[in-house]
Amino acid sequence: KNQVEQSPQSLIILEGKNCTLQCNYTVSPFSNLRWYKQDTGRGPVSLTIMTFSENTKSNGRYTATLDADTKQSSLHITASQLSDSASYICVVSKAAGNKLTFGGGTRVLVKP
Amino acid sequence: DVKVTQSSRYLVKRTGEKVFLECVQDMDHENMFWYRQDPGLGLRLIYFSYDVKMKEKGDIPEGYSVSREKKERFSLILESASTNQTSMYLCASSPPGRVIYEQYFGPGTRLTVT
């Protein structure tokens, strides 16, 4: 069964600290993996997208990694800010069929 | 800049009412999607459309129907709203292709059925 599992479910960090979110997937055949940021009460906004051949991609203070062999991805947030408080969703796309599989998300709370 | 808009941010309806949720995108995308998002369950696909008048069922189509008469507009219809359809509804669009590389979401409609 195609699944995307994210961990932790939630975390609290102090402003200025770093954190790493994990995403493990079983989707096959794999096409690409995206990380979205979703502010409370808003739609998700894309942070990064990686295909099979890419193993790291950055967007400002967000850095995503992908290990297609172990089917794992991580999202690293550097020097967190209060505005980073949001849910982060990992989404994996199959290589055919317009099929997306969404993770349950990690809720991040940045405290001053 | 892609823009996906949804007709309402918040909606309160009574059980049994017919409910229309509208979504409009301005990037001439062929693909449009309707999801619902519930705590602990993530986003689940209700229906998607890959062209005008074309639609395909997603993972949870029961109790919903859709309409796509124009390329830019995709409507989700709850024929007879029930309390278990209380949820956040998200519309999305993406460029054409059998593989989805990028998907743009609207702001969401929080629907409460009482």
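Residue numbers (the numbering used here), protein chains in the order written: chain P, 725 to 836; chain C, -14 to 99. Beta carbons: idealized from backbone N, C-alpha and C, even for Gly.
Sort the options by Cα distance to residue i and report the nearest one.
i: C/Ser(-8); options: C/Lys38, C/Gly25 and C/Arg58; result: C/Arg58
i: C/Gln88; options: P/Thr830, P/Pro836 and P/Lys823; result: P/Lys823
i: C/Val98; options: C/Gly82, C/Ser79, C/Ala66 and C/Tyr86; result: C/Ala66
i: P/Phe754; options: P/Ser782, P/Lys781, P/Met774 and P/Gly828; result: P/Met774
i: P/Ser804; options: P/Ile736, P/Gln730 and P/Lys741; result: P/Lys741
i: P/Thr794; options: P/Thr744, P/Asn748, P/Ser731 and P/Glu739; result: P/Asn748
i: P/Glu778; options: P/Leu771, P/Val816 and P/Asn756; result: P/Asn756
i: P/Leu745; options: P/Lys835, P/Gly828 and P/Pro836; result: P/Gly828
i: C/Glu15; options: C/Val37, C/Ile45 and C/Glu54; result: C/Val37
i: P/Cys743; options: P/Thr802, P/Ser782, P/Thr780 and P/Thr830; result: P/Thr802
i: P/Gly767; options: C/Lys42, C/Glu2, C/Thr68 and C/Ser78; result: C/Ser78
i: C/Glu25; options: P/Ser782, P/Thr830 and P/Pro836; result: Note on residue identity: the sequence assigns Gly, not Glu, to residue 25 of chain C. Closest by alpha carbon: P/Thr830.
So that I know if they touch, is there some Cβ in chain C lying closer than 7 Å to that of residue i?
i: P/Gly677; result: This structure cannot settle anything about residue 677 of chain P, because the visible part of chain P is limited to 725 through 836.
i: P/Asn867; result: Absent from the model: residue 867 of chain P. The displayed extent of chain P is 725 to 836, so no value can be given.
i: P/Asn756; result: yes
i: P/Leu675; result: This structure does not reach residue 675 of chain P, given that chain P is present from 725 up to 836, and the question cannot be answered.
i: P/Gly740; result: no
Under the DSSP definition of a beta bridge, which residues are partnered with residue i?
i: P/Asn783; result: P/Tyr786
i: C/Tyr86; result: Per DSSP, none; premise fails for C/Tyr86.
i: C/Ser52; result: C/Ser60
i: P/Glu778; result: According to DSSP, which records beta bridges pairwise, P/Glu778 is partnered with nothing at all.
i: C/Met17; result: C/Ser34 and C/Ser78
i: C/Ala66; result: C/Ala66 pairs with nothing; no bridge assigned.
i: P/Asn756; result: P/Thr775 and P/Ser817
i: P/Asp791; result: P/Gln796
i: P/Gln889; result: This structure does not reach residue 889 of chain P, given that chain P is present from 725 up to 836, and the question cannot be answered.
Does the CB of residue i have a neighbour CB from chain P at under 7 Å?
i: C/Gly93; result: yes
i: C/Ile45; result: no
i: C/Phe90; result: yes
i: C/Tyr49; result: no
i: C/Ile85; result: yes
Does the Cβ of residue i lie closer than 6 Å to at least one heavy atom of the ligand ADP?
i: C/Lys(-2); result: The ligand content of the structure shown is nil, which means the ligand ADP is not present either.
Starting from residue i, find everything on chain B with Cβ-Cβ shorter than 7 Å and list it in chain order.
i: C/Gly25; result: Reference to chain B is not applicable here, since the protein chains of this structure are P and C.
Do the region 64 to 73 of chain C and the region 15 to 22 of chain C meet, that is, are 3 or more Cβ pairs less than 8 Å apart?
A contact exists between the region 64 to 73 of chain C and the region 15 to 22 of chain C.
Contact residues within the region 771 to 794 of chain P, judged by C-beta distance below 7 Å to chain C:
Hits within the stretch, in order: Ile773.
Which residues, in chain order, does the region 803 to 822 of chain P contribute to contact with chain C at a C-beta distance below 9 Å?
Among the residues of the region 803 to 822 of chain P, those with a Cβ less than 9 Å away from any Cβ of chain C are Ile813, Val815, Ser817, Lys818, Ala819, Ala820, Gly821 and Asn822, in the order of the chain.
Would the region 751 to 770 of chain P count as touching the region 791 to 810 of chain P if we require 3 or more Cβ pairs under 8 Å?
yes
Should the region 779 to 790 of chain P be called in touch with the region 51 to 66 of chain C, which here means at least 3 C-beta pairs below 8 Å?
no
Near-chain P residues of the region 70 to 82 of chain C - C-beta to any C-beta below 9 Å:
Cβ contacts with chain P come from Met73, Leu75, Cys76, Ala77, Ser79 and Gly82.
Any C-beta of chain P within less than 9 Å: which residues of the region 27 to 39 of chain C qualify?
Of all residues in the region 27 to 39 of chain C, Gly27, Leu28, Arg29, Leu30, Phe33 and Tyr35 have a Cβ within less than 9 Å of some Cβ in chain P.
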